[in-house]
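Under mature numbering (1 follows the signal peptide of the UniProt record, and there is no 0), read the sequence shown as residues -30 to -1, 1 to 78, first letter to last.
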Amino acid sequence: MFKLFTPNSITPIPAILTLSALMFSATTLAQEAPVEATSDAVEYCQSLGMVSGHSGYGKHGGVHWERIAKGRALRKADSLGATHIVWESANPRGAFNGHVTGNIYECE
């Protein structure tokens, strides 16, 4: 039913090198989302500008508008290489919608 694999002395080396290369590339490409921070925490960081996000229109299936708007702004910040974001404003627009803005930074 099962065939036992017995590697020879040459087989493991290319397999190990390939696996190591894949693991290294996956870890270097994976970037964490920007961290929500205070202005004091980013004092010595490089400013990358400002991003904004809006929730769109509608009730959003019970999800609060601010969570949706911040998620959209965080995705923009991530695409610009930001490591931190300091929220500047969160303004509701009606009962179920809103808009957020934040300054983004790249910190070492």
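Positions of the beta carbon are idealized from the N, C-alpha and C atoms, including for glycine.
No experiment lies behind these values; they were computed from the predicted model shown.
Exposed unless 16 or more other CB atoms sit within 10 angstroms - verdict on Tyr75: buried
Closest residue to Thr40 among Gly28, Glu58, Tyr14, Gly64 (Cα-Cα distance): According to the sequence shown, residue 40 is Lys rather than Thr. If we check each option's Cα against that of Lys40, Glu58 comes out closest.
Rounded C-alpha distance that separates Asp10 from Thr53: 15 Å
Simplified DSSP state of Gly26, which is helix, strand or coil: coil
Alpha-carbon to alpha-carbon, Ile55 and Gly68: 18 Å
Any chain D beta carbon closer than 8 Å to Ala7: Among the chains in the structure shown there is no chain D, since it carries only a single protein chain.
Boundaries of the beta strand (DSSP E) in which Gly72 is found, first to last residue: Its beta strand (DSSP E) spans residues 67 to 76.
Cα-Cα separation between Ser49 and Ser22, rounded to whole angstroms: The alpha-carbon atoms of Ser49 and Ser22 are separated by roughly 13 Å.
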